[in-house]
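Chemist: Would you mind keeping the following structure in view while I ask a few things?
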Amino acid sequence: MTAEELKRRLEPTLAGLGYEISDLEMKLGGRDGVIRVFIDQPDGVDLEDCEKASRHISAFLDVEDPLPGQYVLEVSSPGLDRKLTKPEHFQRFTGEVVAIKLRFPLDGRRNFRGALKSAEGDNIEVEVDGEAHRLPIATIESARLVPTI
Numbered sequence: 072m073t074a075e076e077l078k079r080r081l082e083p084t085l086a087g088l089g090y091e092i093s094d095l096e097m098k099l100g101g102r103d104g105v106i107r108v109f110i111d112q113p114d115g116v117d118l119e120d121c122e123k124a125s126r127h128i129s130a131f132l133d134v135e136d137p138l139p140g141q142y143v144l145e146v147s148s149p150g151l152d153r154k155l156t157k158p159e160h161f162q163r164f165t166g167e168v169v170a171i172k173l174r175f176p177l178d179g180r181r182n183f184r185g186a187l188k189s190a191e192g193d194n195i196e197v198e199v200d201g202e203a204h205r206l207p208i209a210t211i212e213s214a215r216l217v218p219t220i
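As numbered in the numbering used here, residues 72 to 220 make up the sequence shown, in order.
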């Protein structure tokens, strides 16, 4: 089972609790396997939320037993430098500073760091040094918020 498949199977359970899976990382094999589930909700998450989600995910994994071997389950908030993985994330964080890395160069560059100006349909617009760049979401390798303090 892939991380994406596990995420799809866990989403209904966590949605029923009011949480969104913002990201899921899975590294299995050997004795150091780990499943990291990052949850979020509009008002943010705290330790109690993570504990509650962890209990539900653990119960699901115990009953369904979809993964081989041993692993540690970690549930946490996405943090200040959260990954943006869905079109809804880009829409939610319009106006924030983002760091984007593309799978392949567009106009001679792969890395963009600037203000997320818009997110419409399958594209986002990022302003870098006063210049707007329209980027197809499908070409993004990674995207993160850049904390501004």
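Ideal Cβ placement from N, Cα and C applies to all residues, glycine included.
Tell me the residue span of the beta strand (DSSP E) that contains Lys123.
Modeler: Here residue 123 corresponds to residue number 52 of the sequence shown, with the count starting at 1. Careful: Lys123 lies outside any beta strand (DSSP E), inside the alpha helix (DSSP H) at Leu118 to Glu135.
Chemist: Which of the three DSSP states is assigned to Glu91 in this structure?
Modeler: Position 20 of the sequence shown holds residue 91. DSSP places Glu91 in strand when its eight states are reduced to three.
Chemist: Hey, could you find the ends of the alpha helix (DSSP H) Glu159 is sitting in?
Modeler: The sequence position of residue 159 within the sequence shown is 88, counting from 1. Taken as a continuous stretch (DSSP letters only), the alpha helix (DSSP H) holding Glu159 covers Pro158 to Arg163.
Chemist: Nearest to Val134 by CA position, among Pro218, Ala190, Arg80 and Lys123, is which residue?
Modeler: Walking along the sequence shown from the start, residue 134 turns up at place 63. Answer by Cα proximity: Arg80.
Chemist: Compute the distance between the beta-carbons of Ser148 and Asp111, then report whether it is under 8 Å.
Modeler: Counted from its first residue, the sequence shown places residue 148 at position 77. Counted from its first residue, the sequence shown places residue 111 at position 40. It is a contact, given that the beta carbons lie within the stated cut-off.
Chemist: Taking just the CA atoms, how far does Thr219 sit from Pro30?
Modeler: The shown model of the chain, from 72 to 220, leaves out residue 30, and the question about it has no answer.
Chemist: Would the stretch 199–217 count as touching the stretch 169–177 if we require 3 or more Cβ pairs under 8 Å?
Modeler: Result yes; three or more Cβ-Cβ pairs closer than 8 Å.
Chemist: To the nearest angstrom, report how far apart Asp152 and Pro139 are at their CA atoms.
Modeler: The residue you call residue 152 lines up with position 81 of the sequence shown. The residue you call residue 139 lines up with position 68 of the sequence shown. When rounded, the distance between both Cα atoms is 31 Å.
Chemist: Can you tell me whether Val108 is buried or exposed, with buried defined as 16 or more other CB within 10 angstroms of its CB?
Modeler: Taking the first residue of the sequence shown as 1, we reach residue 108 at position 37. With 16 or more other Cβ atoms within 10 Å, it is buried.
Chemist: Rounded to whole angstroms, what is the Cα-Cα separation between Gly166 and Arg102?
Modeler: In the sequence shown, residue 166 corresponds to position 95, counting from 1. In the sequence shown, residue 102 corresponds to position 31, counting from 1. If you take the alpha carbons of Gly166 and Arg102, they lie about 42 Å apart.
Chemist: To the nearest angstrom, how far is the alpha carbon of Val168 from that of Ser189?
Modeler: The count along the sequence shown starts at 1 and reaches residue 168 at position 97. The count along the sequence shown starts at 1 and reaches residue 189 at position 118. Each residue's Cα considered, the two are about 12 Å apart.
Chemist: Going straight from the alpha carbon of Pro137 to that of Ile128, what length do you get?
Modeler: Residue mapping note: residue 137 aligns to position 66 of the sequence shown, counting from 1. Residue mapping note: residue 128 aligns to position 57 of the sequence shown, counting from 1. Taking the straight line joining both Cα atoms gives about 12 Å.
Chemist: Just how far apart, CA to CA, sit Glu196 and Lys98?
Modeler: Your numbering for residue 196 matches position 125 in the sequence shown. Your numbering for residue 98 matches position 27 in the sequence shown. In a straight line, the C-alpha of Glu196 is about 33 Å away from that of Lys98.
Chemist: Using a Cβ-Cβ cutoff of less than 6 Å, which residues in the same chain neighbour Val146 once the five nearest sequence positions on both sides are dropped?
Modeler: As a position in the sequence shown, residue 146 is number 75, starting the count at 1. These residues qualify, in order along the chain: Val108, Cys121, Ala124 and Ser125.
Chemist: Could you tell me the alpha carbon to alpha carbon distance between Asp178 and Glu91, rounded to whole angstroms?
Modeler: Mapped onto the sequence shown, residue 178 falls at position 107. Mapped onto the sequence shown, residue 91 falls at position 20. The straight-line gap from Cα to Cα measures roughly 34 Å.
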